[in-house]
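Beneath this line is the structure, given in C-alpha cells, with notes to follow.
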Amino acid sequence: MTNPNHLPIPELFVSADAARALKDEAGAMPSWDLTPRQICDLELLMNGGFNPLKGFLTEADYDNVVENMRLASGALWPIPITLDVSETFAEGVEPGTDIALRDQEGVILAIMSVTDKWVPNKAREAEKVFGADDLAHPAVNYLHNVAGPVYLGGPIKGLQAPTHYDFRARRNTPNELRAMFKKLNWQRVVVFQTRNPLHRAHQELTFRAAREAQANLMIHPVVGMTKPGDVDHFTRVRCYEAVLDKYPAATTTLSLLNLAMRMAGPREAVWHGLIRKNHGATHFIVGRDHAGPGKNSAGVDFYGPYDAQELFKQHQDEIGVEMVDFKHMVYVQEKAQYYPANEVPEGCTVLDISGTELRRRLREGLEIPEWFSFPEVVAQLRRTSPPRAKQGFTVFFTGLSGSGKSTVANALMVKLIEMGGRPVTLLDGDVVRKHLSSELGFSKEHRDINIKRIGYVASEITKNGGIAICAPIAPYAATRRAVREMVEAGGAFVEVHVATPLEECERRDRKGLYKLAREGKIKEFTGISDPYEEPANPELRIDTSHIDVDGAAHQVLLKLESMGLIGPA
C-alpha cells in the first residue's frame, strides 16, 4: 500500500499556457508589489506548503482562525495568512476585482481574485494569535507598525514561483520532497525545525529523535523571515552544510523552508506541524518554548516552556504528524558526552553554553570549546561575526530640536576619525534632508520615510564595516525600532537619547523654530504640537544642559568602549 506521505498534494499553479494568457491580461489589472513576508506566504500557498488554503484568507476564514484556530470549513489552521495592503491601494480594489501580485522587481507571480476587503481589529488579532497586544513581540510590532491597515482575501492562481539564486539545490517544494521520500523508500521522516546554527547538542538531539521514531531525518531550517537579530540564513546554511557529513549519509537530508515565521509559540508549533505534514513528514520535533520570541515588556517569557508541546499533543492526530519532544541536551564532563538534562548521572559536572554566552564569546573573540560546537561551524560564525572591535556599528542620536544632537555627533565623529581604523560617516538630519529627502515634508509619514532612509544608509555602512553616526530628531519609537532592526542585521546599534529638557531646547532655539511653532506658524512641530516618544531603553542617555559637548562625546566613547566596539577611549 502506498504511504500517503508519498502521494502528491494539490498546488495552486496554473498550466504554462494559462500562465502566459494571464500574464498578458495582467497588464490591465491593479498591481500589488508584495512585501518580503507576503512573498514567503505566497510561495507556500502556491506550492502546497499551506494546503488546504486556496489563497489569502477571506474575512470569515480570518475571523475563525483568530478565534478558534480553524478555517470556516472547520479545518485546523492556527495562523492568519492575509494580504495586508495600504489604504490607497485598497480604495481602488473591490470584491470581484482581479489583482496582479508582483515581486519587488515587478515580476508577476500570481493573480488574486479579491472576494473580501476589510479593516481588521489588530488588537484582537494580537491578543488571540500571539497571546498579548504587546509591542515587545516582533509579530505584534509588525502587525501594528509594518503591516498595511486593510486586508484582502480571495483565491490565487499561481503563475510562477519566486526566484531564489542561493542554495537552489536545497530548496525543495512539498511535492519534490514527497517524490524523493518515495524514491528512497523513506516511510517515516522526522523533521527538525531550526532558525539557529547547529551545534553538537542539536546533533545529539536529532540523532536520538530519529532513533526513537525509527525514522529518517530531515533538517528543515527556516530561511525566510525569522526573529530580528537572528543569524542570517546564508551563514546558517553554510553551517548546516558543514555538519551534514557528521550524519549517516543515507539516513539524513537537508532542505530549506522559505517560511516567514511569526514567533507565535504554541500556535506556531501546530502551524509548523501542518506545514511539515504537507512536506511529507511523519514526525516533528517540538522544542521547549518552540518558536517563542523571548520576553514581553514586563520581562516575562511570552509563553510557558511546554505550552507549545501541550497544544501540539492536543491536535496531534488531526495534524497527522507525531510529536517527538525536544530533549534539552547537556554535556557531561566526566562522561565526555551529551545526555538529556533529566538523565545526567548523579554527581557529574554539567557544562553548557547559552546562546547569550556564545554571542559574547564570538563578540569578544574568545575560545568556543569543541565539546560545544564543531570547528567548521565556529569558523563560519566567525566569518560573519568577527569580534566587535572589527565590526561596523551605528550611533543613533535622538532628541528634541536644539537638544545638542548634531553638535555632540560632530564632536564624536572627529574623535572617532582621530582614533582611526574604520571609516566614519555622519548622517545629520539637516544634511540628509538636503541630499536624500529634499522632496519630503514634515508630516508623520514623511518624517518616517526620512528616518528609514537614514536607517537604510546607516545599515549599509555598518554591514560593510564602517561607523555611521546619525543625528535626526526621530520622534517615533516604532520608526526607531525599525531602524534598529535594519542596522542590527549587520552590526551593533547604539541609541543615544539626548535628553535635554524642552525648556532648555526652547531657550537655545538658534533657528527661532520654537517661537514660530508656538505662534502656530509651523505645524506638527516635535515637542510643541507633535509628540516626542522618549526611548524606553537607550544604550545611553545624556543631558547637554549639565555637560559640555566634549564631555558628552566622551561619554559616548566610554559606552562604545564598554560594549567592545572600540579600544580604550
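Each residue of the sequence shown is one higher than the one before, counting from 1 in my numbering.
Quick reminder that beta carbons are idealized off the backbone N, C-alpha and C, glycines included.
Cβ neighbour criterion (16 or more within 10 Å) applied to residue i
{"i": "ASP166", "result": "exposed"}
{"i": "PHE302", "result": "buried"}
{"i": "PRO375", "result": "exposed"}
{"i": "VAL395", "result": "buried"}
{"i": "ALA16", "result": "exposed"}
{"i": "PHE393", "result": "buried"}
{"i": "PRO538", "result": "buried"}
{"i": "ASN172", "result": "buried"}
{"i": "PRO10", "result": "exposed"}
{"i": "THR35", "result": "buried"}
{"i": "VAL14", "result": "buried"}
{"i": "GLN337", "result": "exposed"}
{"i": "SER443", "result": "exposed"}
{"i": "HIS584", "result": "No answer is possible for residue 584: the residues shown for the chain start at 1 and end at 569."}
{"i": "GLN314", "result": "exposed"}
{"i": "PRO138", "result": "buried"}
{"i": "ALA110", "result": "buried"}
{"i": "HIS202", "result": "buried"}
{"i": "GLY455", "result": "buried"}
{"i": "ASN47", "result": "buried"}
{"i": "PRO197", "result": "buried"}
{"i": "GLN380", "result": "buried"}
{"i": "THR2", "result": "exposed"}
{"i": "PRO4", "result": "exposed"}
Neighbourhood of residue i by C-beta distance below 6 Å, restricted to the same chain and skipping five residues each side
{"i": "ILE285", "result": "PHE192, ALA209, VAL324, PHE326"}
{"i": "ARG178", "result": "HIS6, GLY280"}
{"i": "ALA569", "result": "With a pLDDT of 48 at ALA569, under the threshold of 50, the predicted position of this residue should be treated as unreliable, and no value is reported."}
{"i": "GLN391", "result": "GLY491"}
{"i": "GLY96", "result": "none"}
{"i": "LEU573", "result": "Residue 573 lies beyond the range of the chain shown here (1 to 569); nothing can be said about it."}
{"i": "ALA136", "result": "ASN296, SER297"}
{"i": "ARG629", "result": "Look at the range of the chain in this structure, 1 to 569, and you will see that residue 629 is not part of it."}
Anticipated Cβ contact below 8 Å, residue i with residue j, distance rounded
{"i": "LEU12", "j": "LYS157", "result": "7 Å"}
{"i": "MET225", "j": "MET261", "result": "6 Å"}
{"i": "GLY280", "j": "VAL189", "result": "6 Å"}
{"i": "ASN216", "j": "THR251", "result": "5 Å"}
{"i": "ILE99", "j": "PRO174", "result": "That belief does not hold up - the Cβ atoms of ILE99 and PRO174 are roughly 26 Å apart, past 8 Å."}
{"i": "ASP448", "j": "ALA499", "result": "Their Cβ separation, rounded to whole angstroms, is 22 Å, which puts ASP448 and ALA499 out of contact at 8 Å."}
{"i": "ALA291", "j": "GLY265", "result": "6 Å"}
{"i": "TRP271", "j": "ILE39", "result": "The pair is not a contact, with the Cβ atoms about 18 Å apart (cut-off 8 Å)."}
{"i": "GLU43", "j": "PRO162", "result": "5 Å"}
{"i": "GLU204", "j": "MET329", "result": "5 Å"}
{"i": "THR398", "j": "PRO535", "result": "6 Å"}
Identity of the residues DSSP links to residue i by a beta bridge
{"i": "GLN337", "result": "VAL332"}
{"i": "HIS497", "result": "THR398, ARG541"}
{"i": "ALA100", "result": "SER31, ILE111"}
{"i": "ASN216", "result": "VAL189"}
{"i": "ALA471", "result": "ASP428"}
{"i": "TYR151", "result": "ASP84, TRP118"}
{"i": "PHE13", "result": "GLY158"}
{"i": "ALA492", "result": "PHE393"}
{"i": "GLY55", "result": "PRO155"}
{"i": "HIS144", "result": "Bridge partners of HIS144: none, in fact."}
{"i": "PHE442", "result": "Bridge partners of PHE442: none, in fact."}
{"i": "LEU254", "result": "ILE219"}
{"i": "ASP301", "result": "LYS295"}
{"i": "GLU576", "result": "Outside the displayed span of the chain (1 to 569) sits residue 576, for which this structure offers no information."}
{"i": "THR526", "result": "ASP530"}
{"i": "VAL350", "result": "VAL332"}
{"i": "LEU76", "result": "ARG70"}
{"i": "ARG171", "result": "LEU256"}
Own chain, CB closer than 7 Å to residue i, minus 5 neighbours either side, in chain order
{"i": "VAL85", "result": "TRP32, GLY148, VAL150, LEU152"}
{"i": "ASP509", "result": "GLY402, LYS515"}
{"i": "ALA553", "result": "VAL408, ALA411, LEU412, LYS415"}
{"i": "GLU59", "result": "ASP116, TRP118, GLY153"}
Proximity test, residue i beta-carbon vs the ligand HEM heavy atom, cut-off 7 Å
{"i": "ILE9", "result": "Absent from the structure shown: the ligand HEM. Ligands present: none."}
Contacts around residue i, its chain only, beta-carbon distance under 8 Å, and the 5 residues preceding and following it disregarded
{"i": "TRP371", "result": "ARG200, TYR331, ALA336, LEU351"}
{"i": "LEU565", "result": "ARG388, ALA389, GLN391, PHE393, ALA492, VAL494"}
{"i": "ILE417", "result": "VAL424"}
{"i": "ALA18", "result": "LYS157"}
Tell me, please, whether the stretch 467 to 479 touches the stretch 425 to 432 by the rule of three or more beta-carbon pairs shorter than 8 Å. yes
Pair every Cβ in the stretch 62 to 71 with every Cβ in the stretch 138 to 145, then say whether three or more of these pairs are closer than 8 Å. no
At least three beta-carbon pairs within less than 8 Å, the stretch 303 to 315 to the stretch 239 to 249: no
Segment contact flag, the stretch 434 to 453 with the stretch 476 to 491, C-beta cutoff 8 Å, min 3 pairs: yes
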